[in-house]
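Asks: Same order as they appear, the protein sequences are chains P and S.
Under this note's numbering, think of the first position of the first sequence as 1, with each following residue one higher.
Under this note's numbering, think of the first position of the second sequence as 1, with each following residue one higher.
Every residue, glycine too, gets a C-beta built ideally from N, C-alpha and C.
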Amino acid sequence: MSEDVSVRVKALTKRFGTFVAVDDVSFEVKKGEIFGYLGANGAGKSTTIRILCGLLSVSSGAATVAGVDVVRKPNAVRHAIGYMSQKFSLYLDLTVAENLEFFGGAYDLFGMAFRARRDAVTHDLALENLSGELTGSLPGGLQQRLALACALLHQPQVVFLDEPTAGVDPEARRTFWRVIRHLAEAGTTIFVTTHYMDEAEYCDRVGLMVAGKLAALDTPESLKRTIVPGRMFEVQGSSGAEVQKVAAELALLDVEPFGAALHVRVAQDGPNAEKLRAALTDRGVHVTGVIDAEVTLEDVFLQVVGAAKPSHAPEGAKAS
Amino acid sequence: MKSLRRTMAVAHKEVLHIIRDARAVYMALGLPVVMLMLFGYGISQDVGHIPMAVADQDGTPTSRRLSQALVAGGDFVRGLDLASPDDAEAALRAGRVKAVLVIPREFARDLARGVPAAAQLLVDGSDGTTATIALGDAAGILQATSSVRAVRASLSSGPRIRVRFNPTMRSTYNMVSGVIVLILAMVASLLTALTIAREWERGSMEQLFATPVLRSEIIAGKLVPYAGLGFVQTLLVITLGSFMFGVPIRGSLVTLFGCSMLFLLAMLGSGLIASVIAKSQLVAVQFALMMSYMPVAMISGFMFPIANMPRWLQALSMVVPGRYYLTTLRGLLLKGNGLDVLGRDVVALAGFATAFLAIAVWRFRRRLA
Chain P
1 MSEDVSVRVK ALTKRFGTFV AVDDVSFEVK KGEIFGYLGA NGAGKSTTIR ILCGLLSVSS
61 GAATVAGVDV VRKPNAVRHA IGYMSQKFSL YLDLTVAENL EFFGGAYDLF GMAFRARRDA
121 VTHDLALENL SGELTGSLPG GLQQRLALAC ALLHQPQVVF LDEPTAGVDP EARRTFWRVI
181 RHLAEAGTTI FVTTHYMDEA EYCDRVGLMV AGKLAALDTP ESLKRTIVPG RMFEVQGSSG
241 AEVQKVAAEL ALLDVEPFGA ALHVRVAQDG PNAEKLRAAL TDRGVHVTGV IDAEVTLEDV
301 FLQVVGAAKP SHAPEGAKAS
Chain S
1 MKSLRRTMAV AHKEVLHIIR DARAVYMALG LPVVMLMLFG YGISQDVGHI PMAVADQDGT
61 PTSRRLSQAL VAGGDFVRGL DLASPDDAEA ALRAGRVKAV LVIPREFARD LARGVPAAAQ
121 LLVDGSDGTT ATIALGDAAG ILQATSSVRA VRASLSSGPR IRVRFNPTMR STYNMVSGVI
181 VLILAMVASL LTALTIAREW ERGSMEQLFA TPVLRSEIIA GKLVPYAGLG FVQTLLVITL
241 GSFMFGVPIR GSLVTLFGCS MLFLLAMLGS GLIASVIAKS QLVAVQFALM MSYMPVAMIS
301 GFMFPIANMP RWLQALSMVV PGRYYLTTLR GLLLKGNGLD VLGRDVVALA GFATAFLAIA
361 VWRFRRRLA
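#1: Look up T95/P in the DSSP assignment and give the residues it is bridged to.
#2: In chain P, what lies closer than 7 Å to A24/S by C-beta?
#3: Taking Cβ positions, are G230/S and A353/S nearer each other than 8 Å?
#4: Can you tell which of V213/S, F263/S, V176/S, A139/S has the C-alpha that lies nearest to the C-alpha of M8/S?
#5: Between S57/P and E206/S, how many whole angstroms is the CB-CB distance? I'm expecting something under 8 Å.
#6: Does DSSP classify Q120/S as helix, strand or coil?
#7: Please list, in chain order, the chain S residues whose beta carbon lies closer than 9 Å to that of I81/P.
#8: Answer with yes or no whether the minimum CB distance from L55/P to chain S is below 8 Å.
#9: Going by beta carbon distance, what residues of the same chain come within less than 7 Å of R277/P, once the five residues before and after it are set aside?
#10: Find the nearest neighbour of C203/P within the set L52/P, V25/P, K30/P, judged by alpha-carbon distance.
#11: Under the rule that 16 or more other beta-carbon atoms within 10 Å means buried, what is T234/S, buried or exposed?
#12: Mark D282/P as exposed unless 16 or more other C-beta atoms lie within 10 angstroms of its C-beta, in which case mark it buried.
#13: Just mark G343/S as buried or exposed, buried being the case when its beta carbon has 16 or more other beta carbons within 10 Å.
#14: Check whether the segment 110 to 119 of chain P touches the segment 162 to 179 of chain P, taking contact to mean three or more Cβ pairs, one atom from each stretch, closer than 8 Å.
#15: From L55/P to F364/S, what does the alpha carbon distance come to, in whole angstroms?
#16: Listing by chain order, which chain S residues have their CB less than 9 Å from the CB of L94/P?
#17: Taking Cβ positions, are D162/P and T193/P nearer each other than 8 Å?
#18: Roughly how many angstroms separate the alpha carbons of V247/S and N308/S, rounded to a whole number?
#19: Could you check how far apart the C-beta atoms of D299/P and A273/P are, in whole angstroms? I think they sit under 8 Å.
#20: Along chain P, which residues have their Cβ under 8 Å away from the Cβ of R323/S?
#21: Just to confirm, is the Cβ distance from V158/P to V9/P under 8 Å?
#22: So, are the CB atoms of E217/S and V10/S less than 8 Å apart?
#23: Please report the Cβ distance between D58/S and E106/S, rounded to the nearest whole angstrom; I am assuming they are in contact, meaning their Cβ atoms lie under 8 Å.
#24: With respect to the alpha helix (DSSP H) encompassing T327/S, which residues constitute its N-terminal and C-terminal limits?
#25: Under three-state DSSP, which class holds I299/S?
#26: Rounded to whole angstroms, how far is the Cβ of M52/S from the Cβ of G79/S, which I believe are closer than 8 Å?
#27: Roughly how many whole angstroms lie between the Cα atoms of A120/P and F356/S?
#28: At 8 Å on the CB atoms, spell out the chain P contacts of S204/S, in chain order.
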């Protein structure tokens, strides 16, 4: 295995009874890469992470993390990985310092070595002066950062973050992602699941999971270009049904709700904003404005999910 | 178990959980005191103050001495006097008294002549325990009361009974030793049942599994503080039993605590099995109670003698560690037995401790599925 590949997954399949949680998934993650994993609830994101952390057995396929075969030797990988599970799982009745000390001990860090690492992570994550606080009394953002600190104490090569910012305020999320980027720059591989599309934009590459299958995998830019090609407009003041009726006639590729407005996509050589507005108005569609819009990962997600499940509601993108 | 330091890290964390959780501290140290009080004082099989009616038709000094002897023994309280033995039935039926002493006419004269004395003690058999004990006590009192010489003489033809190790037949002694078994069994298995189930429920077990800590280290780390707590508990209940209820400690203290630790380990192990299998605190607690409290209370010989049980229950009691600990405890406290006598029970306890802990580790899978 080449030195610069951190995670290698090949034809990975995991069944729970007749339910196939992960279905023949293959990918590679390079060292120092931020790898985002997107998908709805039950799409197999957490299951994949648990397998890579050696917590779940595999039905078939191969998985290597930091050079360790996690299918055959799940215990051998633990010193090399840091894991933050979806559910906040530090001990709430312990203080910040006690949680750090316990997880330090769990990762074989004691004495001087532990104190040096503790000081480093508390500094990086701005957790100084909190050591005496009970973990349960901290706000969500700080708890999240503490959980990350505990997962980073032993300087893991690969960090698995399962929806690390769920339920955390935007300010805390930004701080969190700043730390993630620093880690990646320093050579740590980050494997992160999220349901925030803006966070997915921070990732070097994004994998889209739909019903256990890896439906798409590329950089955010390439995904937008290949999956949602053409020009995107934001159409204001119209109802989706109204526009949908004339979609075929105007060669509209997509009509999706976007906030209070609509995202309407046309081919690369299609009309510009002005022409689109005129065309819509001509056909009796009520329009208050048409402006150029950026293709977002949300559009990509809807496109991919829509291909697998045509009637998918747009909220599906938000609720992971 | 590969790393002692990792094990100690788990143990240290567990100690912090215990001291932060008032419930655990109460359960470990408060509950034993409450239970000991309850069983020691409240639930005594020594029946005292049995209300007794007397129908003395003889009315002689001899007949009066007989009724006085029963009252003086402390078990009977003279409730009312009946004019005729015919009223006895009604008094018992109404529940005004639990016993009626009927002394017939000519009682003193018959005794003096050497004719068998025909005094009658009617006991309310609807309360079985009281009846049995009242009868036993009455016989004992009459035999021991030298003032009723004639009565003694008439009874002395029977076998002479002498009770060893607990001459006054204080049920408290048996009760307290049984309660010690019950308390250690219950608290040890309950506390450990909670500890692993709680981590499953909170999700911290998954986090723990992602670290290099081994399952044997998790188990051992959790065991150490609870074994320590159990030791303090043993010290507490035995000291209380000794000071509050005067239970003697005739055997070696070292053997006593050694055997107690073996029993504790077995109970901690059964609690671990419960929580390893159950994964939810509620189910784990019920499971632990089923595995510890119930067998100890029912078939360890604490409340009901094993010899009186049907064969299949006797066989079942062989796999109740409490049975062996109870034998050991009674032997050590009351008889002053040493390992020479208790060897078999100690080996059984050690076997259970090893087996239960091994099963707990074996059943405790690191993987989630």
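Replies: Once the coordinates are examined:
#1: Bridge partners of T95/P: L134/P.
#2: Under a criterion of Cβ atoms nearer than 7 Å, no residue of chain P is adjacent to A24/S; the nearest Cβ is some 11 Å distant.
#3: no
#4: V213/S
#5: Not quite, the Cβ-Cβ distance comes to about 15 Å (not below 8 Å), so this is no contact.
#6: strand
#7: A210
#8: yes
#9: V287, V290
#10: Closest by C-alpha distance to C203/P, out of L52/P, V25/P, K30/P, is K30/P.
#11: buried
#12: exposed
#13: Result: exposed.
#14: no
#15: 13 Å
#16: K13, L16, H17, R20
#17: yes
#18: 26 Å
#19: Going by Cβ atoms, the distance from D299/P to A273/P rounds to 17 Å, so no, they are not a contact pair.
#20: Correct list: empty, because the minimum Cβ distance to chain P is about 37 Å.
#21: Their beta carbons are not under 8 Å apart, which means V158/P does not touch V9/P by this criterion.
#22: Contact: yes.
#23: 7 Å
#24: Counting along the chain, the unbroken alpha helix (DSSP H) around T327/S starts and ends at 321 to 330.
#25: helix
#26: At roughly 6 Å, the Cβ-Cβ gap stays under 8 Å, so M52/S and G79/S are in contact.
#27: So the two alpha carbons sit approximately 43 Å from each other.
#28: S89, L90, Y91
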